[in-house]
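Student: Just so you know, the sequences run in chain order G and D.
Counting in the numbering used here, the first sequence runs from 1 upward without gaps.
Counting in the numbering used here, the second sequence runs from 1 upward without gaps.
Think of the CB as a built atom: it goes at the ideal place given N, C-alpha and C, for glycine as much as any other residue.
As the structure is a computational prediction, the values presented were derived from the model and not from experiment.
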Amino acid sequence: MVPPVLIFAIGNESRGDDAIAPLLLRRLASWLETENIAGQFELLEDFQLQIEHAADIAGRELILFIDAGMDTLDPYSFYRAQYNDSRTLFSHAITPEAVLSTFRQVFQKTPPPAFVLCVRGEQFELGAPLSPQAEKRMVLAWELLHALTRNAEASDWENRTTPV
Amino acid sequence: MTKTIDNLETAAHPENLRRVAIDPVSRVEGHGKVTLLLDENDHIHQVRLHIVEFRGFEKFIQGRPYWEAPVMVQRLCGICPVSHHLAASKALDMIVGATLTPTAEKVRRLMHYGQMLQSHALHFYHLCSPDLLFGFDSDVAKRNIVGIVAAYPEIAKQGVLLRKYGQEVIRITAGKRVHGTGSIPGGVNKNVSIEERDYLLKDIEQIVAWSRESVGIARKLFEQNLDLYNNFGRFKAHTLNLVREDGAMDLYHGGLRARDMDGNTLFDHYDYSHYWDVIFEDVKPWSYMKFPFLRSLGPEEGWYRVGPLSRVTQCDFIPTPLAEQARKEFMAFNGGSAAGATLGFHWARMIEMLHSAEQIRELLLDPDLQGTDLVTKGKRQERGVGVIEAPRGTLIHHYKVDEHDQIIRCNLIVSTTHNNQAMNEGIRQVARQYLDGRKLTEGLLNHIEVAIRAFDPCLSCATHALGKMPLEVELLDAVGGMLSTLSRSSDGVFSN
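1) So, with DSSP's three-state summary, where would you put Cys128/D?
2) DSSP on Val450/D, reduced to helix/strand/coil?
3) Report the option in Ile407/D, Asp436/D, Ile217/D and Phe455/D whose CA atom is closest to the CA atom of Asn424/D.
4) Using only the alpha-carbon positions, how far apart do Gln167/D and Ile51/G sit?
5) Given a cut-off of 8 Å, decide if Ile7/G and Asp67/G are closer than it, judged by their beta-carbon atoms.
6) Check whether the Cβ atoms of Ala152/G and Gln48/G sit closer than 8 Å, and answer yes or no.
7) Is the number of C-beta pairs between the stretch 389-398 of chain D and the stretch 415-429 of chain D that are closer than 8 Å three or more?
8) Under 9 Å between beta-carbons, which chain G residues line up against Gly56/D? List them in chain order, please.
9) Name, going along the chain, the residues of the stretch 286-306 of chain D whose beta-carbon falls closer than 8 Å to a beta-carbon of chain G.
10) Using the beta-carbon count (16 or more within 10 Å), is Thr162/G buried or exposed?
11) Spatial neighbours of Arg87/G within its chain, please: C-beta separation below 8 Å, excluding the five flanking residues on both sides.
12) For Ile40/D, does the count of other Cβ atoms within 10 angstroms reach 16, so buried, or fall short, so exposed?
13) If you count every other CB in all the chains shown that lies within 10 Å of the CB of Ile194/D, and 16 or more means buried, which is it?
14) What residues in the stretch 36-60 of chain G have a beta carbon less than 8 Å from any beta carbon of chain D?
15) Can you tell me the Cα-Cα spacing of Glu105/D and Pro65/D, whole angstroms?
16) Under three-state DSSP, which class holds His238/D?
17) Is Pro321/D a contact residue of the ligand PLP, with contact defined as CB to any heavy atom under 7 Å?
18) Mind pulling the chain D residues with CB within less than 9 Å of Val106/G?
19) Helix, strand or coil: which one does DSSP assign to Met138/G?
20) To the nearest angstrom, report how far apart Leu343/D and Gln433/D are at their CA atoms.
21) According to DSSP, is Gln123/G part of a helix, a strand, or is it coil?
22) To test your reading of the DSSP string, which unbroken alpha helix (DSSP H) runs of 4 or more residues are found completely within the stretch 29-94 of chain G?
23) According to the neighbour-count rule (16 or more other Cβ atoms, all chains shown, within 10 Å of its Cβ), is Pro14/D buried or exposed?
24) Quick one: which chain G residues come within Cβ less than 8 Å of Lys59/D?
25) Where are the beta strand (DSSP E) runs, 3 residues long or more, that stay fully inside the stretch 239-267 of chain D, in chain order?
26) With a cut-off of 8 Å, does the C-beta of Thr102/G fall near any C-beta of chain D?
27) Under a CB-based cut-off of 8 Å, is Leu86/D close to chain G?
28) Compare the Cα-Cα distances from Leu49/D to each of Ser296/D, Arg75/D, Arg305/D and Glu9/D and report the closest residue.
29) By how many angstroms is the C-alpha of Asp260/D removed from the C-alpha of Arg109/D?
30) Just the Cα atoms here: how many angstroms apart are Tyr76/G and Pro111/G?
31) Just the Cα atoms here: how many angstroms apart are Gln115/D and Gly175/D?
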């Protein structure tokens, strides 16, 4: 039996603001333990999304992808990710929507509700530190994560979506 | 050096030519850019693969304590972190003067074959199969994994599950899915428990069977399109790869073997700890990526090809039965024509995937995996070199460490850098064959990308932020004015 909520953090902590999601995830792991609700969640971190992540979706009720984005609205966007068969894979890295599509196509099941928390980043070069702007945005993103994990229901998350 | 028009590296009068850029190349990692210079009659005068992003690997690593390196170097690349993890560990084995215990070496090998399996599966099933199964200039709306799933659902599913299995091997041997700490200077920090072994054994027969079928698919593609597969982007190249002492394929360890384009041995079983005596790196003003060459042949003639095609064709045999049989068939196919074909990379890659699956099966049955003698040390050295055959080819890590245990010098030659000139040769050949004198279309430009993708290059290491990875093709006039542009977003939507 897998935990009902899966949270992906996508990023490389040695590439500037690409560290946003891994850092948030680690903080979240500690917080979930102290709140005694860790059992409801599985937290997965990776450098980037790829097709095999579709296999992690099986058996879940709710999915959250945390990522950093270059063209994201300040401070972040929180939106429902829709699988879309017109989306295609062009890289060793794929989008959350492509992971959902791969799940649907390969396993012939409708993926569970999935959301993306994309925090705006400024710099992504190898060896770059976290930018001051990213640090501020992470504070706001952390507040949202609190709310999302306290009430991990798709309907509640839907009400918290922001403009993309 | 200015070259003639024939070799297409540098045009004689670029000021009079139109420029087309494929920026960045899609379905390869990172930010590669291809530029074509054409005259008014669409004849091509110059073709170059540029690497747009400077990686700064060495600067990132220098100044750190050496024991951090096997973990830190994984952050260089989100595509093959395990290869960097192991190459760095091998270099640091030399620094700590270690000779690995059987358990340590076998756990590392298992990790490595897991990486090879998942990397090759991703490349063949999901990055290249749209081109190979539908055609290079087929309807772009279908030439993608969605189209593959619709037309070949079992193939798509096998690709996901092969990839997943390889990731599980990595998780168990490295300790985590990412940021693994399994390999350390002098050994490993964990063995493989009976429970972990049994978990992996449960599916290994299926993995071997699917890998075998994959070789069959690659062969069938050749058989069905013999002329195309034999001749597409074909060029002769020297080769470089590791081989075991007895000449067998060994993807984890061995001596360097280099052969010239006619198959004559240039050096064999060369101790890689002095690689700089046989390999040197040239620079060219138009690319950030260096151009390695074999010293004995010089910078102009000494470039070479690494990766699956070199390894499968230049080893004396593969030490697992199914892959060895597949190698023999590959080498004998149509008088040996596949062994020199750019698209032969795909077939060779599947033979390596089969070999990796067989190696995983063999290792899982080896009781040394449950050994408890994990780490050794010996006389401390100041310099260490680690070489491994990564999925894309030979990977070199070289460190110098001071008396305070800090890395003070670092040189990495990654697989894609070894293939830099070879990829340029491949796309120039394709430009001559398919593009010269014709009006460019998306399908024709995709032929260039198909040639690059055959090498499975990792052009820059993994920043993946949402919104990156578009494809832009610009057609400019002789003075740089924009004539037309075509863009493809990261989700595959084209716009003008």
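Tutor: So, from the listed chains and residues:
1) In the displayed model, Cys128/D falls within a helix according to three-state DSSP.
2) Helix, per DSSP.
3) Taking only the C-alpha atoms, the option nearest Asn424/D is Phe455/D.
4) One alpha carbon belongs to Gln167/D, the other to Ile51/G, and they sit about 11 Å apart.
5) Taking 8 Å as the Cβ cut-off, Asp67/G and Ile7/G do not qualify as a contacting pair.
6) Gln48/G sits away from Ala152/G, with the two beta carbons spaced by 8 Å or more.
7) Yes: the two stretches touch, three or more of their Cβ pairs being nearer than 8 Å.
8) Within chain G, Glu125, Leu126 and Gly127 have C-beta atoms less than 9 Å from the C-beta of Gly56/D, given in sequence order.
9) Here the close residues number zero.
10) With fewer than 16 other Cβ atoms inside 10 Å of its own Cβ, Thr162/G counts as exposed.
11) Low confidence applies here, because Arg87/G scores a pLDDT of 46, under 50, leaving its location unreliable; read the following figure in that light. Cβ within range, chain order: Thr95, Glu97, Ala98 and Ser101.
12) It should be pointed out that residue 40/D corresponds to Glu in this sequence rather than to Ile. Counting of Cβ neighbours within 10 angstroms places Glu40/D among the exposed residues, the total staying below 16.
13) Counting Cβ neighbours within 10 Å, Ile194/D comes out exposed, since fewer than 16 surround it.
14) For the stretch 36-60 of chain G, which is checked against every Cβ of chain D, the residues closer than 8 Å are Leu44, Glu45, Asp46, Phe47, Gln48, Leu49, Gln50, Ile51, Glu52, Ala54 and Ala55.
15) So the two alpha carbons sit approximately 23 Å from each other.
16) Assignment of His238/D by DSSP, reduced to helix, strand and coil, places it in the strand class.
17) The model depicted lacks the ligand PLP and carries no ligand whatsoever.
18) At a beta-carbon threshold of 9 Å, the residues of chain D lying near Val106/G are Val149, Pro153, Ala156, Lys157, Gly159, Val160 and Leu161, ordered along the chain.
19) Looking at Met138/G - three-state DSSP - the assignment turns out to be helix.
20) About 15 Å.
21) Here Gln123/G sits in coil by DSSP.
22) Within the stretch 29-94 of chain G, the runs of alpha helix (DSSP H) at least 4 residues long that lie entirely inside it are, in chain order, 53-57.
23) Taking a 10 Å sphere around the C-beta of Pro14/D, we find fewer than 16 other C-beta atoms and assign the residue as exposed.
24) Going along chain G in sequence order, the residues near Lys59/D (Cβ under 8 Å) are Gly127.
25) The beta strand (DSSP E) runs lying completely inside the stretch 239-267 of chain D and spanning 3 residues or more are 255-259, given in chain order.
26) Taking 8 Å as the CB threshold, Thr102/G lines the interface with chain D.
27) So, not an interface residue.
28) When only C-alpha atoms are compared, the closest one is Glu9/D.
29) Near 29 Å, if we compare the C-alpha coordinates of Asp260/D and Arg109/D.
30) In a straight line, the C-alpha of Tyr76/G is about 24 Å away from that of Pro111/G.
31) Taking the straight line joining both Cα atoms gives about 14 Å.
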